[in-house]
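One structure below.
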């Protein structure tokens, strides 16, 4: 049974948690932030401007993800993951000091553009673990998403406007910037992940020309030699060094650049992108519309909630997501494979 890199996966889980935290921390106070910049708007008009603010992060992520993925193929996964963390730190501080609506939208765009860790982190998870662990490993993505969607709204809801809600925080900086404190909390979390990445995160991208690690001693044979010898003797397949090479070839593939246009001609890739886009669309739509419904008055069909109550509501689905991703999905995927699980999930309302 191949070893399980628990320490590295814990670090990547923290990075994914920070990513989802950043995407959800502003959800409870988006309507209130929009109203602060446009106090003359009616409650049923805030949604139009809130949509720009909520979507800016994901628009930035859309344009930045391919760039960071390409750079990770050139420079490696580890440095790009660390760059994404630093980009998130700087962008969150920039957002916390927003003095206009355009400033806030620009900051959220940069936040998504500079924090391109989602795709790189998924690649890292695939490369760092053996195939037998893939179902459990990728459930880490969903678990981190659920945890980020729990902590993010709670932090955003309870730490926003601290000058009027938290004793001892009635100071000038929090009166001037009422939504700075949740962003600073995100900075602290990202800083911890950055330190953990420096000490515990190992590079998983292996160059084609590299030989086996020196631990194999005299059995250090290049991939090319193994490939040439495969048809000469079946005994090679039983050797540990050969098994490691085969796993590396499966995980790493070729480092040669493939044009995006050529990739999009592959029906499987195109279909995967479309399905993932539909899932993301429905999830983000719920995350944006629900706070608007909760903040609306009773006369308009809403609940007239404040930020703290909104944050508690948003954590409900996230708790179920964590349980299902850690306990339910790995077992179902192991028994029925991933496609039936995806079809079952997509059929649920």
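Numbering (this note's numbering), first residue to last: 886 to 1234. Just so you know, even glycine gets a beta-carbon here, dropped at the ideal spot from N, CA and C. Nothing here was measured: the structure is a model prediction, and the numbers come from that model.
Using a threshold of 7 Å, state whether the C-beta atoms of residue 1235 and residue 1179 are closer than that.
-> This structure gives no information on residue 1235, because the portion of the chain shown stretches from 886 to 1234.
N- and C-terminal bounds of the alpha helix (DSSP H) containing residue 958 = Working through the chain shown from its first residue, we reach residue 958 at position 73. That run of the alpha helix (DSSP H) goes 931–960.
Could you check where the alpha helix (DSSP H) with residue 1228 kicks off and where it finishes?
-> Here residue 1228 is taken as the residue at index 343 of the chain shown, counted from 1. Where residue 1228 is concerned, the enclosing alpha helix (DSSP H) stretches over 1223–1232.
Any idea if residue 1230 is buried or exposed, counting beta-carbon neighbours within 10 angstroms, 16 or more meaning buried?
-> As a working note, residue 1230 is residue 345 in the chain shown. The residue is exposed, with fewer than 16 neighbouring Cβ atoms inside 10 Å.
Please confirm whether residue 898 and residue 954 have their CB atoms less than 7 Å apart.
-> As a first step, residue 898 is located in the chain shown; it is residue number 13 there, counting from the start. As a first step, residue 954 is located in the chain shown; it is residue number 69 there, counting from the start. Going by C-beta atoms, residue 898 is not nearer than 7 Å to residue 954.
Taking the continuous alpha helix (DSSP H) assigned at residue 1036, which residues delimit it?
-> For the purposes of this step, residue 1036 is taken as the residue at position 151 of the chain shown. That run of the alpha helix (DSSP H) goes 1019–1044.
Buried/exposed call for residue 1165, threshold 16 Cβ in 10 Å = Sequence index remark: in the chain shown, residue 1165 carries index 280 (1-based). It counts as exposed.
State the start and end residues of the unbroken alpha helix (DSSP H) segment that holds residue 1078.
-> Walking along the chain shown from the start, residue 1078 turns up at place 193. Taken as a continuous stretch (DSSP letters only), the alpha helix (DSSP H) holding residue 1078 covers 1065–1085.
Rounded Cβ spacing between residue 1204 and residue 1035 (contact assumed at less than 8 Å) = Taking the chain shown and counting its residues from 1, the one referred to as residue 1204 is at position 319. Taking the chain shown and counting its residues from 1, the one referred to as residue 1035 is at position 150. The pair is a contact, with the Cβ atoms about 6 Å apart (cut-off 8 Å).
Pairing CB atoms from the region 990–999 with CB atoms from the region 1019–1029, are three or more of them under 8 Å?
-> no
Is the Cβ-Cβ distance between residue 917 and residue 1071 less than 7 Å?
-> By 1-based counting over the chain shown, the position of residue 917 is 32. By 1-based counting over the chain shown, the position of residue 1071 is 186. The answer is no: Cβ separation not under 7 Å.
Residue 1161 (DSSP reduced to helix, strand or coil) = Taking the first residue of the chain shown as position 1, residue 1161 is located at position 276. Helix at residue 1161.
For the alpha helix (DSSP H) that contains residue 919, what are its first and last residues?
-> The residue given as residue 919 occupies position 34 in the chain shown. Looking at the DSSP string, the run of the alpha helix (DSSP H) that includes residue 919 is 915–922.
Out of 1200, 1158, 1144 and 1085, point me to the one whose CA is closest to residue 1171's CA.
-> Position 286 of the chain shown, counted from the start, is the residue given in the question as residue 1171. That would be 1200, whose Cα lies nearest to the Cα of residue 1171.
Should residue 1073 go down as buried or exposed, given a rule of 16 or more other Cβ atoms within 10 Å for buried?
-> Locating residue 1073 in the chain shown gives position 188, counting from the first residue. Burial call: exposed.
Leaving out five residues before and five after residue 893 in sequence, what residues of the same chain have Cβ atoms less than 7 Å from its Cβ?
-> As a working mapping, residue 893 is identified with position 8 in the chain shown. 1013, 1085, 1086 and 1087, listed in sequence order.
Residue 1088 by DSSP, collapsed to three states: which one?
-> Along the chain shown, one-based indexing puts residue 1088 at 203. In the structure shown, residue 1088 sits in coil (DSSP, three-state: anything other than H, G, I, E or B).
State the Cα-Cα distance for the pair residue 888 and residue 1207, rounded to the nearest angstrom.
-> Numbered from its first residue, the chain shown carries residue 888 at position 3. Numbered from its first residue, the chain shown carries residue 1207 at position 322. So the alpha carbons of these two residues sit roughly 25 Å apart.
Contact under 7 Å by Cβ, residue 965 with residue 976 = Within the chain shown, numbered from 1, the residue matching residue 965 stands at position 80. Within the chain shown, numbered from 1, the residue matching residue 976 stands at position 91. Result no, Cβ atoms of residue 965 and residue 976 do not sit closer than 7 Å.
Residue 924: buried (16+ other C-beta within 10 angstroms of its C-beta) or exposed?
-> Reading the chain shown from its first residue, position 39 is the one you call residue 924. Result: exposed.
Determine the direct distance from the alpha carbon of residue 1222 to that of residue 960, and round the result to whole angstroms.
-> Position 75 of the chain shown, counted from the first residue, corresponds to residue 960. Position 337 of the chain shown, counted from the first residue, corresponds to residue 1222. Looking at the two C-alpha atoms, the distance is approximately 33 Å.
Alpha helix (DSSP H) containing residue 1145: first to last residue?
-> Reading the chain shown from its first residue, position 260 is the one you call residue 1145. Where residue 1145 is concerned, the enclosing alpha helix (DSSP H) stretches over 1145–1148.
Residue 1047: first and last residue of the uninterrupted alpha helix (DSSP H) it sits in | For the purposes of this step, residue 1047 is taken as the residue at position 162 of the chain shown. In the DSSP assignment, residue 1047 falls within the alpha helix (DSSP H) that extends over 1047–1050.
For residue 1065 and residue 989, the rounded distance between their alpha carbons | Taking the first residue of the chain shown as position 1, residue 989 is located at position 104. Taking the first residue of the chain shown as position 1, residue 1065 is located at position 180. Rounded to the nearest angstrom, the two C-alpha atoms are 12 Å apart.
Are residue 1075 and residue 903 close, meaning C-beta to C-beta below 7 Å?
-> What you label residue 1075 is simply residue 190 of the chain shown in a count that begins at 1. What you label residue 903 is simply residue 18 of the chain shown in a count that begins at 1. Yes, Cβ-Cβ distance for residue 1075 and residue 903 is below 7 Å.
Nearest to residue 1031 by CA position, among 909, 1159 and 891, is which residue?
-> Numbered from its first residue, the chain shown carries residue 1031 at position 146. Residue 909 is the option with its Cα nearest to residue 1031.
First and last residue of the alpha helix (DSSP H) that includes residue 900?
-> Here residue 900 corresponds to residue number 15 of the chain shown, with the count starting at 1. Counting along the chain, the alpha helix (DSSP H) containing residue 900 begins and ends at 891–909.
On a CA-only basis, which of 1068, 895 and 934 is nearest residue 1174? Give me that one, please.
-> Position 289 of the chain shown, counting from 1, holds the residue named residue 1174. Nearest C-alpha to residue 1174: 934.
Can you tell which of 1027, 1060 and 993 has its C-alpha closest to the C-alpha of residue 947?
-> Stepping through the chain shown from its first residue, residue 947 is reached at position 62. Residue 993 is the option with its Cα nearest to residue 947.
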